[in-house]
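Participant: Count the sequence shown with numbering that gives the first Met the number 0 and you get residues 0 to 552, in order.
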Amino acid sequence: MTYRSKLLLLLFIGLMIPPGVWLLFLYYTQVFTLTELISIVVSIPMIAYILLATTAIMYLFNRQLVHVENAVESQTSSLASQKALSTLPGWFLITQILYSTFGPLAVLVGRSSVSTEQYWLSQLMGIPLVLLFIIPIFILFVITLEAYTKELELSSEHPFISFGKKMVASIFTTVLGNIILLILFNITISITYTDLSLSDLIYKNIFVGFIGLSISALNMYLLIKQSTQSISSITDVVSHDQNDLTKFIQVTNRDETGIMARSINTFIAEIASTISSTKDISRINQDSAERMRSIFKQIQERVNEEFKIVNTTTEQARSIQGIVEASSIDFENTKTNMQEANDQLACAKDEIHTLIKSVNESVELENEMNHKLEQLSSEAEQVKDVLTVISDIADQTNLLALNAAIEAARAGEHGRGFAVVADEVRKLAERTQKSLTEINATINVIVQSITEASEQMKSNAQSIEALSTISLKVEDNINHSVETMQETNELTHKSVENSKMISEHSSSMLSQVETLNTISQANHQSMQDLADITNELGTASNQLHDRLNHFKT
0 MTYRSKLLLL LFIGLMIPPG VWLLFLYYTQ VFTLTELISI VVSIPMIAYI LLATTAIMYL
60 FNRQLVHVEN AVESQTSSLA SQKALSTLPG WFLITQILYS TFGPLAVLVG RSSVSTEQYW
120 LSQLMGIPLV LLFIIPIFIL FVITLEAYTK ELELSSEHPF ISFGKKMVAS IFTTVLGNII
180 LLILFNITIS ITYTDLSLSD LIYKNIFVGF IGLSISALNM YLLIKQSTQS ISSITDVVSH
240 DQNDLTKFIQ VTNRDETGIM ARSINTFIAE IASTISSTKD ISRINQDSAE RMRSIFKQIQ
300 ERVNEEFKIV NTTTEQARSI QGIVEASSID FENTKTNMQE ANDQLACAKD EIHTLIKSVN
360 ESVELENEMN HKLEQLSSEA EQVKDVLTVI SDIADQTNLL ALNAAIEAAR AGEHGRGFAV
420 VADEVRKLAE RTQKSLTEIN ATINVIVQSI TEASEQMKSN AQSIEALSTI SLKVEDNINH
480 SVETMQETNE LTHKSVENSK MISEHSSSML SQVETLNTIS QANHQSMQDL ADITNELGTA
540 SNQLHDRLNH FKT
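(1) Is residue 111 helix, strand or coil when you go by DSSP?
(2) Give the DSSP-derived three-state secondary structure of residue 207 in the structure shown.
(3) Using C-beta distances below 6 Å, list every residue in its chain close to residue 431, excluding the 5 sequence neighbours before and after it, in chain order.
(4) Quick check: the Cα distance between residue 275 and residue 289, rounded to an integer number of angstroms?
(5) So residue 0 is in the alpha helix (DSSP H); what residue range does that whole segment cover?
(6) Could you round the C-beta distance between residue 217 and residue 124 to whole angstroms and report it? I think they count as a contact, below 8 Å.
(7) What is the DSSP secondary structure of residue 462, counted as helix, strand or coil?
(8) By Cβ distance, which residues of its chain are closer than 8 Å to residue 389, with the 5 residues on each side in sequence left out?
(9) Would residue 0 be called buried (16 or more neighbouring beta carbons within 10 Å of its own) or exposed?
(10) Three-state secondary structure (DSSP) at residue 58?
(11) Where residue 520 and residue 263 are concerned, what is the direct C-alpha to C-alpha distance, given to the nearest angstrom?
(12) What residue range is occupied by the uninterrupted alpha helix (DSSP H) comprising residue 34?
(13) Alpha carbon to alpha carbon, how far is residue 109 from residue 44?
(14) Could you compute how far the alpha carbon of residue 81 sits from the alpha carbon of residue 158?
(15) Under the rule that 16 or more other beta-carbon atoms within 10 Å means buried, what is residue 119, buried or exposed?
(16) For the structure I just gave you, are there three or more beta carbon pairs, one from the segment 95-103 and one from the segment 68-85, closer than 8 Å?
(17) Mind checking residue 128: buried by the 16 CB within 10 Å criterion, or exposed?
(18) Could you give the DSSP three-state label for residue 30: helix, strand or coil?
(19) Write down the C-beta distance between residue 176 and residue 131 rounded to the nearest angstrom, noting that I regard them as a contact closer than 8 Å.
(20) Touching or not, the segment 172-190 and the segment 199-210, by the rule of three or more beta carbon pairs under 8 Å?
(21) Name the residue from 12, 11, 13, 35 whose alpha carbon lies nearest to the alpha carbon of residue 22.
(22) Helix, strand or coil: which one does DSSP assign to residue 528?
(23) How would you label residue 444, buried or exposed, when you count the other beta carbons within 10 angstroms and need 16 or more for buried?
(24) Give a yes or no on whether the C-beta atoms belonging to residue 610 and residue 8 are separated by under 7 Å.
(25) Would you mind stating whether residue 292 and residue 533 have Cβ atoms separated by less than 7 Å?
(26) By Cβ distance, which residues of its chain are closer than 7 Å to residue 380, with the 5 residues on each side in sequence left out?
(27) Under the rule that 16 or more other beta-carbon atoms within 10 Å means buried, what is residue 425, buried or exposed?
(28) Assign residue 496 to one of two classes, buried (16 or more other C-beta atoms within 10 Å of its C-beta) or exposed (fewer than that).
(29) For residue 377, count the other beta carbons within 10 Å of its own beta carbon; 16 or more makes it buried, fewer makes it exposed. Which is it?
(30) Assuming contact is defined by CB atoms lying nearer than 7 Å, are residue 215 and residue 152 in contact in what I supplied?
(31) What would DSSP say about residue 413, mapped onto helix, strand or coil?
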C-alpha cells in the first residue's frame, strides 16, 4: 500500500470513528434506543451525509496529496507541495471537527421522532468525542505524512506543524474533551436515568472516565513515542559509534526534533565530507611525504655525488691551475728563447748577407783572375810561337853553321877560322836549340799549369756561383724563417697572454669552484635538515592519517 493510500485510509478511519463512538455513546447514555439509532444509521440523510461529506473530504485531501506525491517522486519540493504539507495536519483536525459537528445537525434535523432535548444532547455529545477520539488518528496521520515526506527538504516559509502545536493540540483537546465528556455525560445521565443510584452513577462515571483516560493515555503515548523515538535516534547516533560518520539520524519528524535531526545530519554530512576530504588530503600528503622522502633520498644521493664531484673538480682545478701556471712560465721561457732565436736568426741573416756579398766579390775576383790567366795562357802561346820562330832560326843557323863548316873544310886552311866561327855558331845554335827546347818545355808546363789553374778557377767560380745561389736560397729560407719566427713570436706572445688570462680565469674558476664547494656543503647540510623535516612531516602525516582513519566515512 502506498503512503497516499495509507493517509487516505487514516483520513477515512478518522471520519468513521467519531460517528461510531457517538452512536455507541448515545446508546450507552440512553439518549436514543437501539431501534432509534438503527433508524438513524440507515436513514437517507445519514447515508447521504457520510457519502457526500466523506467523498468531498477525501477528494480534497487526495488533491493535496497528489502534490506531495509528485514532490516525493521528483525529490524536489514545489510551492504547492510545501503548502500542502504545511496545511494538511490543520485541515485534518478542522475537517474532522466540522464533519463530526455538522453530522448530527444534518442527520437529526427534521426528524419528528427526535426531541429538542435529544437533539441538543446528541449535538453537544459529538464535540468531546471528536476532541478525544480524533487525536490518535491525527497523530498517526501526522507520523505517516512525515514518514512519507522524510526525503523532502524542510520549508522555512511554509513550516510543518511544530511539536509545540502538536502537544498543545493533543493535551488541550484531550483535557477539554475529557472535561466536556464528563460534564455532558453526567448531564445526559441525569436526564435519561432519573432513577439511577449513586453507585451506578459512580460506576458509569468511572467507566467513562476510564475510557477518556485510556484515550488520553493513547494520545500521549503516541505523541511521546514519536518525540522519544526522534530523541532516541539522535541520542543513539550521537552517543554510539561517535567515529562513524556514515550513520545518520533516521528521523521522519518534520517538527523541531526533525529540524534538529536534519540539522545534525547536515552537520554530520559536512563533518563527514570535511573528514573525507581531510583523509584524502592526508592520504595525498602521506603519499606526497613518501614521494618527497624518496625524492629527497635521490636528491641527497645526487647532492652527495655532486659533493664528491665538486671536491674532485676542486682538486682538478687546483691541479689545472698549477699546470696552467707552469705552462705560463714555460710560455714565458719559450717566448724568451724564441726572441733569442729570432735575434740569432737576424744575426745569421746579416752574416749570410755579408757572406753572400763576399762570395759574390770572390766570384768576381775569380772570374777576373780566370780572365787574366786566360790572357796569360794566350800570351804564353804567343811566346811559344816566338820560340818556334827562334827554333826555326836556330835550326837554320845550325844548318848554315853546318854548311859553313863544310865550306870551311872545303876551303882548307883558308877556311879554318871561318870553320871555327861556324863551329861556334853551330854550338851556339845547338845551345839555343837546347835552350829553346827547355824553354818550350817550361812554357808548355806553364801553359798547362795556367790552363789547369784557369780551369780550376773556372770550376771554383762555378762552385762559388753555386754557393752564392745556395746562399741566396739560404738567405730566402732564413728570411722566411725570420718571418715565421716573428709570427711564432707573436703567436707565442699571444699564447703567453692567453696563458696568463687562462691562469687568471683558472684562479677565478678555482675560487668559484671553492665557493661552489662551500655552497654544496651548505646544501648538503640543508638537504640533511630538509630530510629530517620530511621524515617528521611523514611521521605527522602517518599519525594524522591513522587518527582520521578512526572516523568511518
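All residues carry an ideal CB built from backbone N, CA and C; glycine is no exception.
Everything numeric in this text was worked out from a predicted model, so none of it was measured.
Facilitator: The short version:
(1) Along the sequence shown, read from residue 1 onward, the residue named residue 111 stands at position 112. Here residue 111 sits in coil by DSSP.
(2) Here residue 207 refers to the residue found at position 208 when the sequence shown is read from its first residue. Judged by DSSP in its simplified three-state form, residue 207 adopts helix.
(3) Residue numbering aside, residue 431 sits at position 432 when the sequence shown is read from its first letter. If we look at residue 431 and ignore the five residues flanking it on each side, its Cβ neighbours are 393.
(4) Counting from 1 along the sequence shown, the entry for residue 275 is found at position 276. Counting from 1 along the sequence shown, the entry for residue 289 is found at position 290. Roughly 20 Å separates the two Cα atoms.
(5) To locate residue 0, count along the sequence shown from 1; it is residue 1. Where residue 0 is concerned, there is no enclosing alpha helix (DSSP H), given that its DSSP letter is neither H nor E.
(6) In the sequence shown, the residue the question calls residue 217 occupies position 218. In the sequence shown, the residue the question calls residue 124 occupies position 125. Not really, about 20 Å apart at Cβ, beyond 8 Å.
(7) Counted from its first residue, the sequence shown places residue 462 at position 463. Per DSSP, reduced to three states, the secondary structure at residue 462 is helical.
(8) To locate residue 389, count along the sequence shown from 1; it is residue 390. Only 431, 435 meet the Cβ criterion.
(9) Your numbering for residue 0 matches position 1 in the sequence shown. The residue is exposed, with fewer than 16 neighbouring Cβ atoms inside 10 Å.
(10) As a working note, residue 58 is residue 59 in the sequence shown. Collapsing the DSSP output to three states places residue 58 in a helix.
(11) In the sequence shown, the residue the question calls residue 520 occupies position 521. In the sequence shown, the residue the question calls residue 263 occupies position 264. In this model, residue 520 and residue 263 are separated by some 57 Å (Cα to Cα).
(12) Residue mapping note: residue 34 aligns to position 35 of the sequence shown, counting from 1. For residue 34, the enclosing alpha helix (DSSP H) covers residues 33-40.
(13) In the sequence shown, counting from the first residue as 1, residue 109 sits at position 110. In the sequence shown, counting from the first residue as 1, residue 44 sits at position 45. Distance between the alpha carbons of residue 109 and residue 44 is about 10 Å.
(14) Start at 1 with the first residue of the sequence shown, and residue 81 comes out as number 82. Start at 1 with the first residue of the sequence shown, and residue 158 comes out as number 159. In this model, residue 81 and residue 158 are separated by some 8 Å (Cα to Cα).
(15) The count along the sequence shown starts at 1 and reaches residue 119 at position 120. An exposed status is given to residue 119, since fewer than 16 other beta-carbon atoms sit within 10 Å of its beta-carbon.
(16) No, because fewer than three Cβ pairs between the segment 95-103 and the segment 68-85 fall closer than 8 Å, the two stretches do not touch.
(17) To locate residue 128, count along the sequence shown from 1; it is residue 129. Answer is buried; the Cβ neighbour count reaches 16.
(18) Numbered from 1 along the sequence shown, position 31 holds the residue referred to as residue 30. Correct three-state label for residue 30: coil.
(19) As a first step, residue 176 must be located in the sequence shown, where it is residue number 177. As a first step, residue 131 must be located in the sequence shown, where it is residue number 132. Right, the Cβ-Cβ distance comes to about 4 Å (below 8 Å), so this counts as a contact.
(20) In short, these stretches touch, since the Cβ pair count reaches three.
(21) Working through the sequence shown from its first residue, we reach residue 22 at position 23. The option with the nearest alpha carbon to residue 22 is 35.
(22) Mapped onto the sequence shown, residue 528 falls at position 529. In the structure shown, the three-state DSSP call for residue 528 is helix.
(23) Taking the first residue of the sequence shown as position 1, residue 444 is located at position 445. When all chains shown are included, residue 444 counts as exposed.
(24) Because the chain spans 0 through 552 in this model, residue 610 falls outside it and cannot be assessed.
(25) Here residue 292 corresponds to residue number 293 of the sequence shown, with the count starting at 1. Here residue 533 corresponds to residue number 534 of the sequence shown, with the count starting at 1. Yes; because the gap between Cβ atoms is below 7 Å, this pair is in contact.
(26) Residue 380 sits at position 381 when you count from the first residue of the sequence shown. Excluding its 5 nearest sequence neighbours in each direction, residue 380 has C-beta neighbours in its own chain below 7 Å: 446, listed in chain order.
(27) Taking the sequence shown and counting its residues from 1, one reaches residue 425 at position 426. By the C-beta density criterion, residue 425 is buried, having at least 16 other C-beta atoms within 10 angstroms.
(28) Along the sequence shown, read from residue 1 onward, the residue named residue 496 stands at position 497. It is exposed - the Cβ of residue 496 has fewer than 16 other Cβ atoms within 10 Å.
(29) Counted from its first residue, the sequence shown places residue 377 at position 378. Label assigned to residue 377: exposed.
(30) Indexing the sequence shown from 1 puts residue 215 at position 216. Indexing the sequence shown from 1 puts residue 152 at position 153. The Cβ-Cβ distance between residue 215 and residue 152 does not fall below 7 Å.
(31) The count along the sequence shown starts at 1 and reaches residue 413 at position 414. When secondary structure is reduced to three states using DSSP, residue 413 falls in the coil class, being assigned neither helix nor strand.
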